[in-house]
Amino acid sequence: MNIPDSAAIPTVSFISGADGRIRRRLLLSRVFAGTCRFATYSSLAVLVVLLVAIVYSSVGRLSPDFVTNTNSANPAKAGMLAGLWGSFWLILFTSLFSVPVGVGSAVYLEEIAKDSFIVRIIKVNLANLAGVPSIVYGILGYTVFRTSAATLSIWFDGNHAIGVLGLFRVRLSKLPLYEDNILVGALTLTLVILPTVIAASQEALRSVPSSIRVASLALGATRWQTIWRQVIPAALPGISTGVILSTSRAIGEAAPLIMLGALTYTSMCPGNIDSPVKLLTRPTQVLHAPLDQFTAMPIEIYDWSKNPAPQFTAVAASGIVVLLIVLLAINSVAMIVRYYASRRLKW
Amino acid sequence: MASITQTKSVPPSVTGVDRDLDMSAHPAAIQVRGLDFFYGELKVLFNVSLTVPERSVTALIGPSGCGKSTFLRTLNRMNDLIEGARCVGEILVEGQNIMDSAVDVVLLRKHVGMVFQKSTPFPKSIFDNVAYGPRVAGEKNRSVLADLVESCLKKAALWEEVKDRLTTSAMSLSGGQQQRLCIARTLATNPHIILMDEPASALDPASTDRIENLIGELCANYTIVIVTHNMQQASRVSHQTAFFYKGILEETGPTSKIFTSPSKKATQDYITGRFG
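Protein sequence lines correspond, in order, to chains A and B.
The first sequence maps to residues 50 to 396 in the working numbering.
The second sequence maps to residues 108 to 383 in the working numbering.
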C-alpha cells in the first residue's frame with residue numbers, strides 16, 4: 050500500500066546538531082562519559098606506573114635464587130625463602146581456622162537462626178567488623194592468643210614439650226615453644242578476615258534460590274541434609290571465591306603480625322622446613338612448624354625497605370614483585386574456581 | 108476459524124479421569140476439620156473442613172489469594188517454614204492428626220509428597236534428582252536406586268526421553284520435562300498422597316496435556332490434591348472439586364456436580380468466569 054503524497058508528514062530532521070537543546074544535552078552526556086573514563090584510566094595509569102617502577106627497581110636482585118635464599122645482611126644474597134614459608138604456614142592455618150568458623154557462622158545466620166534481636170545485631174555489625182583496622186586485631190591477638198600461648202608454654206613445662214592448645218602433648222627433645230608462633234599469627238589473621246569470609250559466604254548462601262530448600266524439605270530431607278546436600282554445594286563457588294580473596298588479603302597483612310612480635314630478620318623457615326620435600330620426609334619438623342617462630346613476606350619487605358643501604362631497594366622491590374605474583378596466582382585460582390563451578394550451576 | 112473453536116474444547120488426546128469413580132467406596136485419606144490459619148495477625152483460612160477420598164483427585168479452585176495454596180501447604184506442614192504462620196484445627200492424614208507436636212515432619216513429607224508450580228530441579232544429574240529422596244532417607248545401594256529411578260521415571264512418563272542421558276544435568280531438560288522429573292522425584296519417596304500446586308501453570312499446552320494424562324494415571328495408586336487456576340483443567344482431571352473464596356471453603360462436591368449445577372452463587376459466578 051502506498052502512502053498518498055498529500056499525507057501531512059511533520060518536518061523532522063534526524064541530522065545531528067539540528068536542534069540546539071539536543072546538542073547541549075548530547076555534549077553534557079559526552080562530558081559525563083569522558084569524566085568517568087578519566088576516573089578509571091587515571092587510577093589505572095598510576096597503578097601501571099607503580100608496577101613498572103617496582104619491576105624496574107627489582108632489576109639487579111630479582112633472580113631464581115631470590116626465592117631459594119633466606120635473608121642475609123648481604124643484599125646480593127638476601128632472599129625471601131623464610132618469608133615464603135612463613136606466609137605459607139600462616140595462610141594454611143588461617144584457612145583451616147577461618148573456613149569452618151566463617152562458613153559455619155554464615156550458615157547459622159542465614160539458614161538456621163530465627164530472626165532475633167541478637168542475630169540482627171550480629172548481622173549489622175559484621176560489616177563494621179570488616180572495617181576495623183588490622184592493627185586493632187593485632188592488639189587483640191597479642192592480648193588473647195599470645196598471652197594464652199605464653200601461659201600454655203609454662204604449663205607444658207617450658208622448653209621440652211609441644212602442647213597444641215592443651216589438647217595433647219608430644220614430648221620431643223630440645224624443641225622450644227614460642228609464644229609468637231605460627232598458630233598465634235594465624236589465629237590473629239583469622240580474626241582479620243573472618244568478617245569478610247562470613248559476609249561473602251552469607252552473600253553466596255542468599256543467592257541460592259529458596260525453591261531448592263523448599264523442594265528438598267518437601268522430599269523428606271531434614272534441615273541438615275538440605276543445607277549439606279543442596280544449599281552449600283550450590284553456594285560453594287561464591288563461598289570459595291570469598292575465602293580465597295580474603296586469604297589473599299591476609300597474605301599481604303604485616304601490621305598485626307609485627308604487633309604480635311613476628312621476626313623481622315631471620316633466616317629460619319618454620320620448623321626448618323625449607324623445601325616441599327621435607328613436608329613429607331620430616332614429620333617431627335612438620336609438627337613443630339606451627340609452634341615455631343616465623344616471618345612473613347610483607348614483614349620482610351617492610352624490613353628491607355627500611356634498610357639504609359641503597360642496594361636493599363632492589364631487594365625490597367623484588368620482594369614486592371614476588372608477593373604480587375603470589376597474590377595474582379591466588380586470585381586467578383579464585384577466578385577459575387568461580388568460572389568452572391558456576392558453569393555447572395544454572396538456575 | 109475452525110481451529111479457534113477446537114482449542115476451546117478438550118483436546119482429543121486428553122482422556123481425563125474416570126468420572127464415574129464411586130468415591131464413597133474409598134476411605135478418607137485426608138480429613139480436615141475446622142481449620143483456621145493465620146499469617147501473624149492475618150487470618151487467611153476460616154473453619155475449613157474437607158475430606159479427601161483415597162486414590163482420587165481433588166481439585167482446589169478459587170480466585171488468587173483465596174487461601175487454596177495455603178490450605179494445600181498445611182497438608183504436609185510446609186507452612187512451618189514460614190515465620191509467624193500458625194493454624195488451629197485438626198488435619199487427619201490416614202487417621203493421624205499431623206498438627207500434633209509429636210509428628211515428625213520429615214516422615215510426614217515422605218508420605219505426603221509435593222510438586223510445585225515452578226519446576227525446581229536440583230542442579231544435579233537427572234539420576235541424582237530422582238534418587239535424592241531415597242538417598243536422604245538412607246538408601247545407599249546403587250542397584251536399588253537404579254531400579255527405583257527407572258520405575259519412577261517410567262511412572263512419570265519421562266523414561267523414554269531421558270534413559271540415555273541420566274547423568275546429564277537436570278537443568279538441560281525442557282520446562283515440561285523438568286516438571287515431570289519433579290513428579291518422578293516425588294514418587295521416589297514412595298508417598299501415598301501427592302500435593303500439586305498449579306503443576307502445569309508454567310507449561311505450554313502440549314506439556315500441560317502430558318501432565319494431565321499423568322495425573323489420570325497416577326490417581327489409580329495415589330491420592331492427589333491439586334491447586335489449579337484453570338477451570339477446564341479442574342474439570343478434566345479431578346473427581347472432587349473444592350471451591351475456596353476469601354479463605355472460606357464455599358462448596359465441595361463431585362466435580363461433575365460443581366461444574367454443572369453448583370449450589371452457591373459465588374461458585375456459579377467463578378466457574379462461569381464472572382470474576383477471578
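No residue lacks a Cβ here, since even glycine has one placed at the ideal position from N, Cα and C.
Because the structure is a prediction, the values reported are computed rather than measured.
Pull up the distance between the alpha-carbon of S363(B) and that of A341(B), whole angstroms please.
10 angstroms
Spatial neighbours of V164(B) within its chain, please: C-beta separation below 7 angstroms, excluding the five flanking residues on both sides.
V124, I322, C326, I331, I333, V344, S345, H346
The beta strand (DSSP E) spanning K150(B) covers which residue range?
149-160
Please check the pair A136(B) and I300(B), which I expect to be a contact at CB under 8 angstroms, by giving their CB distance rounded to whole angstroms.
6 angstroms
Interface residues of the region 163-193 of chain B facing chain A [CB-CB below 8 angstroms]
N183, M185, L188, E190
At a CB-CB cut-off below 8 angstroms, which residues of chain A make contact with K244(B)?
What sits at residue 244(B) in the sequence shown is Ala, not Lys. Result: G269.
Who are the near neighbours of G291(A) in its chain, counting only those whose CB is closer than 8 angstroms to its CB and skipping five residues on each side?
T245, V246, A248, A249, S250, E252, A253
Comparing alpha-carbon positions, which option in S260(A), L243(A), T315(A), L99(A) lies nearest R298(A)?
L243(A)
Less than 8 angstroms between the beta carbons of F194(A) and T237(A), yes or no?
yes
Report yes or no: do three or more beta-carbon pairs, one from the region 283-300 of chain B and one from the region 249-268 of chain B, lie closer than 8 angstroms?
yes
Please give the ranges of any alpha helix (DSSP H) in the region 82-145 of chain A, keeping only runs that are unbroken, at least 4 residues long and fully inside the region.
none
Y388(A): buried (16+ other C-beta within 10 angstroms of its C-beta) or exposed?
exposed
Please determine if the region 274-293 of chain B and the region 215-222 of chain B are in contact, where contact requires at least 3 C-beta pairs separated by less than 8 angstroms.
yes
Per DSSP, which residues does F145(B) bridge with? Please list them.
K150(B), R193(B)
Just to confirm my understanding: we take T315(A), look at its own chain, exclude 5 residues before and 5 after, and list those with CB closer than 6 angstroms. What are they?
A131, T344
Based on Cα-Cα distance, which residue from S197(A), P359(A), E159(A) lies nearest to S256(A)?
E159(A)
Can you look up D304(B) in the DSSP assignment and give me helix, strand or coil?
strand
With L309(A) and Y191(A) assumed to form a contact (beta carbons below 8 angstroms), what rounded beta-carbon distance in angstroms separates them?
6 angstroms
Alpha helix (DSSP H) runs wholly inside the region 223-258 of chain A, at least 4 long, in chain order
231-255
What do you reckon, are the CB atoms on L268(A) and Y239(B) nearer than 8 angstroms?
yes
When you compare only the Cα positions, how much space is there between V181(A) and N118(A)?
36 angstroms
Inside the region 188-261 of chain B only - beta strand (DSSP E) runs reaching at least 3 residues:
192-200, 219-222
If you count every other CB in all the chains shown that lies within 10 Å of the CB of V219(A), and 16 or more means buried, which is it?
For V219(A), the predicted model reports a pLDDT of 47, less than 50, meaning its position is unreliable; a value from the coordinates is still stated below. By the 10 Å Cβ count, V219(A) comes out exposed.
Listed by chain order, chain A residues near G240(B) by CB distance under 7 angstroms:
L268, G269
Of all Cβ atoms in chain B, is any one closer than 8 angstroms to the Cβ of S136(A)?
no
Is there a C-beta anywhere in chain A that falls below 8 angstroms from the one on P230(B)?
yes
Continuous beta strand (DSSP E) assignments of at least 3 residues falling wholly in the region 265-314 of chain B
300-304
Spatial distance of D143(B) from D164(A) (CA atoms):
25 angstroms
Please work out which residues of its chain come closer than 7 angstroms, Cβ to Cβ, to E349(A), disregarding the five sequence neighbours upstream and downstream, and give them in chain order.
N120, M129, G132, G368
Any C-beta of chain A sitting closer than 8 angstroms to the C-beta of F223(B)?
yes
Residue range of the unbroken beta strand (DSSP E) whose run includes A327(B)
Per DSSP, A327(B) belongs to no beta strand (DSSP E) and is neither H nor E.
Measure the CB-CB distance between M317(A) and S136(A) and report whether it falls below 8 angstroms.
no
I'd like to know if the region 138-152 of chain A and the region 150-165 of chain B are in contact, where contact means that at least 3 CB-CB pairs between them fall below 8 angstroms.
no
I15(A) by DSSP, collapsed to three states: which one?
This structure cannot settle anything about residue 15(A), because the visible part of chain A is limited to 50 through 396.
Can you name the residues of chain A whose CB is closer than 8 angstroms to the CB of T315(B)?
Correct list: empty, because the minimum Cβ distance to chain A is about 20 angstroms.
What does a CB cutoff of less than 7 angstroms around L189(A) pick up in its chain, not counting 5 residues either side in sequence?
L240
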